[in-house]
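Heads up: the structure comes next, in structure tokens.
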Amino acid sequence: MLTIKFGARKGEIPAEFLEYYRGFPLRNMHVGDTVHNSSSFLMKATDKVGVVIVMQDPHISRLASINLRGRINVLSEFCIINKICKR
474 MLTIKFGARK
484 GEIPAEFLEY
494 YRGFPLRNMH
504 VGDTVHNSSS
514 FLMKATDKVG
524 VVIVMQDPHI
534 SRLASINLRG
544 RINVLSEFCI
554 INKICKR
């Protein structure tokens, strides 16, 4: 079961989108993993945080998820490099 807590949001997220994503447990996902549903997506952004994005255009939603995944991957690599440098 996915417990959704809103830390920040812009606009309303229709209940049907949230219900759809309840079936995908974040604990089984890896950082950067994405689940799409037409014009929305769920992405695991960190070990403890998932992001639900709802847009009007399905094409732009896909592009946004690709862009966000790239940024998350870069940040993850920086964290790994930082840990190695501290050793």
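So for the sequence shown, my numbering puts the first residue at 474; every next one is plus one.
Beta carbons are placed, not taken as given, at the ideal position from N, Cα and C, and that holds for glycine.
Taking 8 Å as the threshold (C-beta atoms), are residue j and residue i in contact?
{"i": "G523", "j": "L541", "result": "no"}
{"i": "V527", "j": "I486", "result": "yes"}
{"i": "T434", "j": "F497", "result": "The structure shown has nothing for residue 434, since the chain only spans 474 to 560."}
{"i": "S549", "j": "H509", "result": "no"}
{"i": "D530", "j": "S511", "result": "no"}
{"i": "V525", "j": "F490", "result": "yes"}
Among the options, whose alpha-carbon lies nearest the alpha-carbon of residue i?
{"i": "N546", "options": "G505, S511 and S534", "result": "G505"}
{"i": "T463", "options": "M502, P487 and L491", "result": "Given that the chain is displayed from residue 474 to residue 560, the structure contains no residue 463 and the question cannot be resolved."}
{"i": "M516", "options": "D530, R544, I557 and E489", "result": "R544"}
With a floor of 3 residues, list each beta strand (DSSP E) that falls wholly inside the segment 487-515, ordered by position along the chain.
Runs found: 507-510.
Continuous beta strand (DSSP E) assignments of at least 3 residues falling wholly in the segment 509-555:
Taking only runs of at least 3 residues, the beta strand (DSSP E) segments lying wholly in the segment 509-555 are 513-517 and 523-527.
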